[in-house]
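So the mapping is simple: this note's numbering equals the position in the sequence shown, first residue as 1, plus 14.
Down below is the structure, laid out as structure tokens.
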Amino acid sequence: MTQLKNEAIKFAYWVPNVSGGLVVSNIKQRTDWSYDYNVKLAQTAEKSGFEYALTQIRFTAGYNAEHQHESVSFSHGILAKTEKLKVIAAILPGPWKPALAAKQLATIDHLTNGRIAINVVSGWFRGEFDAIGEEWPEHDQRYARSEEFIRALKGVWTQNNFSFDGKFYQFKDYTLSPKPVQKPHIEIFQGGSSRAARDMASRVSDWYFTNGNTPEELKKQIDDIREKAKANNHEVKVGVNAFIIARDTEEEAKAVLQEIIDGANVEAVKAFGDATKEAGAATTEGEGNWAKSTFEDLVQYNDGFRTNLIGTPQQIAERIVELKSVGVDLVLSGFLHFIEEVEYFGEKVLPLVRELEEAQKNQITAKSA
Ligand SMILES: Cc1cc2nc3c(=O)[nH]c(=O)nc-3n(C[C@H](O)[C@H](O)[C@H](O)COP(=O)(O)O)c2cc1C
Numbered sequence: 015m016t017q018l019k020n021e022a023i024k025f026a027y028w029v030p031n032v033s034g035g036l037v038v039s040n041i042k043q044r045t046d047w048s049y050d051y052n053v054k055l056a057q058t059a060e061k062s063g064f065e066y067a068l069t070q071i072r073f074t075a076g077y078n079a080e081h082q083h084e085s086v087s088f089s090h091g092i093l094a095k096t097e098k099l100k101v102i103a104a105i106l107p108g109p110w111k112p113a114l115a116a117k118q119l120a121t122i123d124h125l126t127n128g129r130i131a132i133n134v135v136s137g138w139f140r141g142e143f144d145a146i147g148e149e150w151p152e153h154d155q156r157y158a159r160s161e162e163f164i165r166a167l168k169g170v171w172t173q174n175n176f177s178f179d180g181k182f183y184q185f186k187d188y189t190l191s192p193k194p195v196q197k198p199h200i201e202i203f204q205g206g207s208s209r210a211a212r213d214m215a216s217r218v219s220d221w222y223f224t225n226g227n228t229p230e231e232l233k234k235q236i237d238d239i240r241e242k243a244k245a246n247n248h249e250v251k252v253g254v255n256a257f258i259i260a261r262d263t264e265e266e267a268k269a270v271l272q273e274i275i276d277g278a279n280v281e282a283v284k285a286f287g288d289a290t291k292e293a294g295a296a297t298t299e300g301e302g303n304w305a306k307s308t309f310e311d312l313v314q315y316n317d318g319f320r321t322n323l324i325g326t327p328q329q330i331a332e333r334i335v336e337l338k339s340v341g342v343d344l345v346l347s348g349f350l351h352f353i354e355e356v357e358y359f360g361e362k363v364l365p366l367v368r369e370l371e372e373a374q375k376n377q378i379t380a381k382s383a
């Protein structure tokens, strides 16, 4: 089922618009959630070969992060100071209604020459929804709502006199003007790993984001999505989360991982583990983003250690190409000290990835000749 692709694998990074970085640990981090830090990071990332940045949406964080900047406005702030980078703004159906999202994003698309994208997140943290007075539909209903949200966005972005009669949303003869710059519409990502998440991706999303995992486990998910998407006459690309620790030696990289885990904020990680039970582990199939996560996995809140991009540049580059061979199109990366590590990744790891990809391409061409 999995096919070797010739397209270069893409790289995104998590925007640290939430305080405390990407790990629930007391380890010292030079990462900062401020706007100034994020502008410098985005400029460094676009020079270093990153094509996308992903902002996070949090009204409250389930793992003790004290401060969170709002994702759509923060994304726009980053776009205003960069030239090539595409910024993916996370949006939660519930607080956002599709008419507002469609209008707001179309305007940002015009202001930034077609560089905004969205990540539709279906919600996992009940405490957050309760805190802001939003209702909390059960797991699969959250995805049913997200699917309508995406169908409505696509309709508004591509059609005049758009009408939609859904369970959650209704439109009557609505024409948005101006339409987005991007055609056919602004790129749509989604996050989640459960069956409901995969089914939705196979019907309506351009991209499926999933938590960190091994190539074997990812292959199962990807084969499932691609098979279903084919049956739906739809194509979906796949991005996987990875917390990258690249150092000159493997020992150094592993020591950093150990230090992060040893410094884990145990109470916050446990509380986060409990909160995730409202998400993936609570589905009837027992599948989903955090259904199999251990305590150590949860120290990076999207299982980023599991992808094992931890080692020397050569080891990491080889593992990235292995991810590509099971069907991954994009690596969504987190780092401990973002700016300097993004720079190191661009200088030391990315050129090796491109060399390995080139060698793989030549092999395929030689075989088929
Ligand atoms: C890459 C990625 C990014 C996500 N970003 C956010 C986010 O910013 N805010 C949020 O509340 N949930 C976020 N989520 C959570 C998902 O939308 C979803 O609620 C969660 O993964 C549980 O889904 P599941 O039970 O279907 O696996 C993200 C998930 C992934 C994989």
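Heads up, the beta-carbon is just placed ideally off N, CA and C, and yes, glycines get one too.
Here the structure is a predicted model, which means the values were calculated and not measured.
Going by C-alpha positions, L55 is about 13 Å away from F88.
Residue state for T96 is assigned as coil, using DSSP reduced to three classes. For I200, no alpha helix (DSSP H) segment is defined, and its DSSP state is neither H nor E. The beta strand (DSSP E) runs lying completely inside the region 255-304 and spanning 3 residues or more number zero. Taking one beta carbon from each stretch, the region 264-281 and the region 333-342 have fewer than 3 pairs nearer than 8 Å; the two do not touch. In this structure, K95 lies near Q57, with their beta-carbon atoms less than 8 Å apart. Distances from the CA of D317 to each of R333, G348, G325, V356 were compared; the closest alpha carbon is that of G348. For V134, the enclosing beta strand (DSSP E) covers residues 130-134.
Exclusion of I259 from the 7 Å shell around ligand 1 follows from its C-beta lying no nearer than that to any non-hydrogen atom of the ligand. Taking A116 as the centre and dropping the five residues before and after it, the same chain places the C-beta of L167, V170, W171, L190 closer than 7 Å to its C-beta, in chain order.
In this structure, ligand 1 has a non-hydrogen atom nearer than 7 Å to the beta-carbon of A211.
Rounded to whole angstroms, the Cβ separation of Y66 and K100 is 5 Å, and the two are in contact under 8 Å. The C-alpha of E152 is placed about 10 Å away from the C-alpha of G137.
If you ignore the 5 residues before and after E301, its C-beta comes within less than 8 Å of the C-beta of S207, S208, R209, G294, all in its own chain and listed in chain order. The continuous beta strand (DSSP E) containing F178 extends over residues 176-179. By the Cβ test, the region 307-316 is not in contact with the region 239-252, since fewer than three Cβ pairs between them sit closer than 8 Å. Setting aside the 5 residues that flank it on each side, P198 is surrounded in the same chain by T172, each with a C-beta closer than 7 Å to its C-beta; the list follows chain order. Rounded to whole angstroms, A75 and D154 show a C-alpha spacing of 22 Å. Taking every protein chain shown into account, the CB of P30 has 16 or more other CB atoms within 10 angstroms, so this residue is buried.
DSSP places Q82 within a strand segment (E or B) once states are collapsed to three.
The DSSP-derived three-state label of I71 is coil. In this chain, the beta strand (DSSP E) harbouring L344 covers 344-348. By the beta-carbon neighbour count (other beta carbons within 10 angstroms, threshold 16), T308 is exposed.
In the DSSP annotation of this structure, the continuous segment of the alpha helix (DSSP H) that includes Q118 starts and ends at 112-125. Annotation for V270: I259 place their beta carbon closer than 6 Å to its own, counting only its chain and skipping 5 residues before and after. Per DSSP, the unbroken alpha helix (DSSP H) holding W171 starts and ends at 153-172. Just measuring C-alpha positions, the residue of T69, A113, R212, T228 sitting nearest Y222 is R212. Below 8 Å, too few C-beta pairs join the region 321-334 and the region 113-129 to call them touching: fewer than three. In the displayed model, K251 falls within a strand according to three-state DSSP. Placement of the Cβ of I71 at a distance of less than 7 Å from at least one heavy atom of ligand 1 is found. Three or more Cβ pairs closer than 8 Å define a contact, and the region 283-290 falls short of that threshold against the region 226-237. The beta carbon of K242 sits closer than 6 Å to the beta carbons of S216 from its chain, once the five residues preceding and following it are set aside; these are given in chain order.
Each of G325, W150, N376 was checked against the Cα of F359, and the nearest Cα belongs to G325. Closest by C-alpha distance to Q374, out of E265, G180, E336, A305, is E336.
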